[in-house]
Every structure is written in C-alpha cells, then in structure tokens.
Amino acid sequence: MSFQLTILGASGAIPAYGRFTTAQHLLLENRHFLIDCGEGTQHQLSKVNIPVQRISHIFVSHLHGDHYLGLMGLLFSMHLNHREAPLHLYSFKGLDEIILAQLKYSRSTLNYELCFHELTSDRKVIFSDDVLTVETIPMDHRIPCCGFLFREKPKPRRIAREMLPDQFKLQDILKLKSGSDIIDESGKILYYNKDLTLEPRPSRSYAYCSDTRYNPLLGSVVAGVDLLYHEATFMDTERTKAADTFHSTAIQAATLALSASVKKLIIGHFSARYRELDGLLAEAQSIFPSTELAIECRTFEIDA
Ligand SMILES: [Zn+2]
Ligand SMILES: [Zn+2]
C-alpha cells in the first residue's frame with residue numbers, strides 16, 4: 004500500500020530559479036491530500052500526473068501567500084472540470100472569507116461543496132478515518148501557523164497462512180486479526196493467537212513542519228517519524244535573521260531531526276538568496292546525514 008510524498012514546491016516567499024512556492028502531495032492508500040498550495044500548484048500537479056479531482060482534503064498551514072496563493076486557480080479549475088465531490092479545506096481563520104470574496108466578485112458558484120475546517124493553535128486531531136489520523140503541530144511563526152502529522156493507525160496482526168489448520172473458519176481469521184485466541188464453547192483455548200499470526204506491519208508516519216522559528220520542543224511531537232519535512236530557509240550564517248523572521252536554518256532543522264530520531268529529513272522553503280542548495284544540504288547533513296532536499300517533482304516513498 005502506497006505512502007508517497009511528492010514535492011510540488013519548496014521555495015520560500017517567492018518563486019526562484021525554477022523553484023515553486025510551497026506545496027506537497029501525499030498519497031496514502033488511495034487517499035490524495037494536498038499540503039499547502041503555493042502559486043502554480045495546479046501546474047505542478049499536472050506535471051507529475053496527479054489526478055487532481057481525487058484530492059479530497061487540502062491542509063493549509065498558514066495564510067502567508069507563498070502557502071496558499073495557488074488555491075483559487077486550483078478551485079476554479081476543479082469547477083470547470085465538472086468536479087462534484089466535496090472538497091475539505093483546513094486553515095486558520097480567514098481562508099473562507101478570502102475564497103468567498105473572490106467567488107462573490109466573479110459571480111461564480113462552484114458546482115461542488117467547499118467544507119471549511121478552522122484550525123486552532125493547539126495540538127489536535129483534525130482528521131481521522133479507518134486508515135490514518137492527521138494531527139496539527141503548532142509552529143512558532145509571525146502569524147498563526149501549524150504543521151501536520153500524518154500517521155497510519157495501528158494495523159491488524161498478519162495471518163501466518165502456512166500455519167492455519169485446514170478448514171479454518173473466516174470468523175476465526177477475523178478473531179486472529181483482532182488479536183484474540185480461538186476458544187471453543189466451553190472457553191477452552193484451541194489455538195493461541197501468537198502461534199497463527201505475525202506482528203502487524205509498522206504504522207508509517209510523516210510530519211510536515213511548515214514555517215517556524217527553531218523550536219526544540221517539537222522533537223517530542225515528531226519523535227520517531229519515518230519522514231520529517233522541516234523548513235530550512237537559511238544557512239547558518241543567517242541564523243540571527245532566521246530567528247528575527249521566525250524561520251529556521253538547515254542546521255536547526257537537522258538538529259531537530261537528530262533529537263527526534265526520525266528516519267529521514269527533508270529540508271525546504273529555501274530563501275531566494277540561494278541559487279544553489281548544496282550549502283544548505285551540506286550543513287544539514289553535517290548534523291543529520293539522512294537529509295535530502297525538497298526538489299520539485301521529487302517523490303519520497305515510505306515502504307510498508
Ligand atoms: Zn513561507
Ligand atoms: Zn510564513
């Protein structure tokens with residue numbers, strides 16, 4: 004089952020050197036999520052052949068333009084391409100006003116429903132279905148801002164098929180998956196669960212840390228995730244500027260990844276002052292070697 008992240012944009016503030024402002028697509032077991040929606044996102048989506056109409060939820064970390072200015076174009080294109088399925092939008096207060104004003108003055112009515120979900124500054128589960136949860140991660144930024152933690156729910160135990168007795172009943176297989184032993188009417192144990200099952204596959208996780216000043220307390224929130232995206236707007240020489248503008252350096256992103264023992268770090272939201280990104284990558288890798296750059300159209304897969 005897929006757990007695939009695609010970088011659509013990773014430029015901070017303005018597009019630069021072919022880099023687009025922030026947007027990411029996450030595919031998790033046939034669920035299509037969009038994380039932020041910077042300018043040009045719909046062009047990037049078509050470039051990587053993502054089925055746009057199957058995007059059901061869009062998570063907007065904050066209302067700085069480089070994280071949402073691509074939204075209106077995308078919403079109109081969905082409308083013009085005859086979308087009917089509702090679209091869920093998660094954002095801090097104001098996005099509904101921004102969108103509804105544009106619809107009002109263009110005298111447009113979308114032929115699908117927009118479902119607005121207002122974010123708050125505390126940690127909260129904002130989405131849950133039978134496969135995953137999405138939880139907010141409070142960021143330290145100039146305006147209300149949060150990241151998102153996507154985590155698969157615990158999975159059922161796996162049946163060791165070669166160990167099953169002949170003519171084993173379907174309802175007993177379901178009991179095994181739920182972790183129960185198999186008992187007869189008198190309560191006598193016929194089969195121990197551990198003899199017929201294997202450990203569940205691990206639950207995969209992705210933490211998206213949007214614009215933020217370095218905050219070591221985030222380490223406990225993202226501890227052990229398979230994949231951590233953390234902004235790294237600046238190199239170490241600009242660490243004072245990073246703090247003043249509520250952004251982070253590559254070294255700070257890597258320090259957080261190290262303290263949280265994540266499996267892999269992706270850095271992004273690069274300042275337009277850097278034409279080349281090698282310096283940012285080298286600084287991060289000096290602290291946390293398993294770091295990669297968020298490059299447009301690059302995908303990151305977490306194996307099941
Ligand atoms: Zn930004
Ligand atoms: Zn910002």
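The opening position of the sequence shown corresponds to residue 4 in my numbering, with each subsequent residue numbered one higher.
The C-beta atom is built at its ideal place from N, Cα and C for all residues, glycine as well.
Practice task
Quick one: grab the DSSP three-state call for S208.
Solution key: As a first step, residue 208 must be located in the sequence shown, where it is residue number 205. Looking at S208 - three-state DSSP - the assignment turns out to be strand.
Exercise for the section: Using alpha carbons as the reference points, say which of L11, S111, E241 lies closest to G282. Expected result: Residue mapping note: residue 282 aligns to position 279 of the sequence shown, counting from 1. Here the closest residue by C-alpha is E241.
Problem - Which of helix, strand or coil DSSP assigns to A26 - result: In the sequence shown, the residue the question calls residue 26 occupies position 23. Strand, per DSSP.
Practice task
Go to V224, then tell me how far its alpha helix (DSSP H) extends in each direction, as first and last residue.
Solution key: For the purposes of this step, residue 224 is taken as residue 221 along the sequence shown, with counting starting at 1. Start and end: 221-224.
Exercise for the section: Pull up the distance between the alpha-carbon of L31 and that of S189, whole angstroms please. Expected result: Residue 31 sits at position 28 when you count from the first residue of the sequence shown. Residue 189 sits at position 186 when you count from the first residue of the sequence shown. Rounded to whole angstroms, L31 to S189 spans 43 Å at the Cα level.
Practice task
Can you grab the Cα-Cα spacing for the pair E42 / I254, in whole Å?
Solution key: Here residue 42 is taken as the residue at index 39 of the sequence shown, counted from 1. Here residue 254 is taken as the residue at index 251 of the sequence shown, counted from 1. Cα-Cα distance, rounded: 28 Å.
Handout entry: Test item: CB-CB of F116 and K127 under 9 Å
Key = As a position in the sequence shown, residue 116 is number 113, starting the count at 1. As a position in the sequence shown, residue 127 is number 124, starting the count at 1. Inspection of the sequence shows that residue 116 is occupied by Glu rather than by Phe. Not in contact: E116 and K127 (Cβ atoms no closer than 9 Å).
Problem - Exposure label - C300; buried when at least 16 CB within 10 Å - result: As a working note, residue 300 is residue 297 in the sequence shown. It is exposed - the Cβ of C300 has fewer than 16 other Cβ atoms within 10 Å.
Handout entry: Helix, strand or coil at F171 [DSSP, three-state]
Key = In the sequence shown, the residue the question calls residue 171 occupies position 168. Residue state, collapsed to three classes: coil.
Practice task
Between the Cα of P203 and those of D69, I269, P157, spot the shortest distance and give me the residue it belongs to.
Solution key: Your numbering for residue 203 matches position 200 in the sequence shown. Shortest Cα-Cα distance from P203 to any of D69, I269, P157 involves P157.
Problem - L284 versus E295 - alpha carbon distance - result: Taking the first residue of the sequence shown as position 1, residue 284 is located at position 281. Taking the first residue of the sequence shown as position 1, residue 295 is located at position 292. Cα-Cα distance, rounded: 7 Å.
Practice task
Report yes or no: do three or more beta-carbon pairs, one from the stretch 190-199 and one from the stretch 209-226, lie closer than 8 Å?
Solution key: no
Exercise for the section: Examine the Cβ distances between the stretch 268-277 and the stretch 5-25 and report whether three or more of them are shorter than 8 Å. Expected result: yes
Exercise for the section: Could you name the residues of the same chain whose beta carbon sits closer than 6 Å to that of M4, not counting the 5 residues immediately before and after it, in chain order? Expected result: Position 1 of the sequence shown, counted from the first residue, corresponds to residue 4. Cβ neighbours of M4 beyond the five flanking positions: E32, A307.
Practice task
Count the other CB atoms, across all protein chains shown, that sit within 10 Å of the CB of A163; report buried if there are 16 or more and exposed otherwise.
Solution key: Taking the first residue of the sequence shown as 1, we reach residue 163 at position 160. Of the other Cβ atoms in all chains shown, fewer than 16 fall within 10 Å of the Cβ of A163; this residue is therefore exposed.
Practice task
Can you grab the Cα-Cα spacing for the pair L194 / D169, in whole Å?
Solution key: The residue you call residue 194 lines up with position 191 of the sequence shown. The residue you call residue 169 lines up with position 166 of the sequence shown. Before going on, a small fix: residue 194 reads as Tyr here, not Leu. Distance between the alpha carbons of Y194 and D169 is about 13 Å.
Handout entry: CA nearest to the CA of V134, picked from F153, Y20, R145, P141
Key = What you label residue 134 is simply residue 131 of the sequence shown in a count that begins at 1. Considering only alpha carbons, the answer is F153.
Problem - Beta-carbon proximity check, L11 vs L230, cutoff 9 Å - result: Here residue 11 refers to the residue found at position 8 when the sequence shown is read from its first residue. Here residue 230 refers to the residue found at position 227 when the sequence shown is read from its first residue. No, they are not a contact pair.
Exercise for the section: Have a look at H233 and D187 and give me their C-alpha separation to the nearest angstrom. Expected result: Along the sequence shown, read from residue 1 onward, the residue named residue 233 stands at position 230. Along the sequence shown, read from residue 1 onward, the residue named residue 187 stands at position 184. Cα to Cα, the separation comes out at about 53 Å.
Practice task
Leaving aside the five residues before and after A210 along the sequence, list all residues of the same chain whose C-beta is less than 6 Å from its C-beta, in chain order.
Solution key: Position 207 of the sequence shown, counting from 1, holds the residue named residue 210. So the qualifying residues of the chain are L152, V225, V228, L231.
Practice task
Compute every distance between the C-beta of T24 and the non-hydrogen atoms of ligand 1, then say whether any falls below 8 Å.
Solution key: Mapped onto the sequence shown, residue 24 falls at position 21. The answer is yes for T24.
Exercise for the section: Count the CB pairs spanning the stretch 35-54 and the stretch 69-88 that are closer than 8 Å, and state whether there are at least three. Expected result: yes
Practice task
Could you pull out every residue in the same chain whose Cβ sits closer than 6 Å to the Cβ of G76, ignoring the five residues on either side in sequence?
Solution key: Counting from one through the sequence shown, the residue named residue 76 turns up at place 73. Cβ neighbours of G76 within its own chain (closer than 6 Å, five residues either side excluded): Q45.
Exercise for the section: Please report the Cβ distance between H35 and I58, rounded to the nearest whole angstrom; I am assuming they are in contact, meaning their Cβ atoms lie under 8 Å. Expected result: Stepping through the sequence shown from its first residue, residue 35 is reached at position 32. Stepping through the sequence shown from its first residue, residue 58 is reached at position 55. About 5 Å; that satisfies the 8 Å criterion.
Exercise for the section: Take D239 and list the residues in its own chain whose beta-carbon comes closer than 8 Å to its own, dropping the five residues that flank it on each side. Expected result: Taking the sequence shown and counting its residues from 1, the one referred to as residue 239 is at position 236. The answer, listed in chain order, is T252, A253, I254, E286.
Practice task
Quickly, what does DSSP pair I10 with across the bridge? List them, please.
Solution key: Mapped onto the sequence shown, residue 10 falls at position 7. Answer is Q27.
Exercise for the section: Compare the beta carbon distance of S213 and C118 with 9 Å and say whether it is the shorter of the two. Expected result: Translated into the one-based positions of the sequence shown, residue 213 becomes position 210. Translated into the one-based positions of the sequence shown, residue 118 becomes position 115. Not a contact, by the Cβ cut-off of 9 Å.
Problem - Cβ-heavy atom distance, R216 to ligand 2, below 8 Å - result: Translated into the one-based positions of the sequence shown, residue 216 becomes position 213. Outside the cutoff, so no.
Exercise for the section: Give a single yes or no on whether I146 has its beta carbon closer than 8 Å to a heavy atom of ligand 2. Expected result: Here residue 146 corresponds to residue number 143 of the sequence shown, with the count starting at 1. Checking the Cβ of I146 against ligand 2 gives yes.
Exercise for the section: Starting from I192, follow its DSSP beta bridges and name the residues at the other end. Expected result: Taking the sequence shown and counting its residues from 1, one reaches residue 192 at position 189. For I192, which the question treats as bridged, DSSP gives the partners I186.
Handout entry: Identity of the residues DSSP links to H68 by a beta bridge
Key = Stepping through the sequence shown from its first residue, residue 68 is reached at position 65. The sequence given here places Gly at residue 68; His does not occur at that position. Partner(s): none; G68 has no beta bridge.
Exercise for the section: Classify R154 as helix, strand or coil using the three-state DSSP reduction. Expected result: As a working mapping, residue 154 is identified with position 151 in the sequence shown. Under the three-state reduction of DSSP output, R154 falls in the strand class.
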